[in-house]
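Before any comments, here is the structure.
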Amino acid sequence: MSSQAQATRRMIVGSFAAGVSAMVLLGLIAPVAMQSGLTVRDAFAATLVERGPAIEPLNVVAIEAQLAEADRLMADMRSTTADEMAMLERLAR
């Protein structure tokens with residue numbers, strides 16, 4: 018038997034052995050993992066107490082007040098920097 022044929026044979030046997038090992042491992046571990054996973058999930062679901070909505074309702078009035086304050090501050094900043102901006106525009110030309 019040539020070395021190429023032996024290498025091919027070893028690769029096929031190794032692949033088969035790895036596949037069988039993986040299937041045996043999954044067959045033994047998967048049911049145990051699924052059983053314990055379901056038990057933990059059921060235990061958590063049994064003790065979960067709803068305290069209220071997960072997302073609090075928005076206070077639209079407060080948000081609008083914050084936006085109005087931000088607009089006012091931006092207008093104040095623009096008015097105090099208008100001269101400087103005009104000078105920069107003149108220098109840029």
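The sequence shown begins at 18 in the working numbering and counts up by one. The C-beta atom is built at its ideal place from N, Cα and C for all residues, glycine as well.
What is the DSSP secondary structure of residue i, reduced to helix, strand or coil?
i: Ala-71; result: coil
i: Arg-89; result: helix
i: Ser-19; result: coil
i: Arg-110; result: coil
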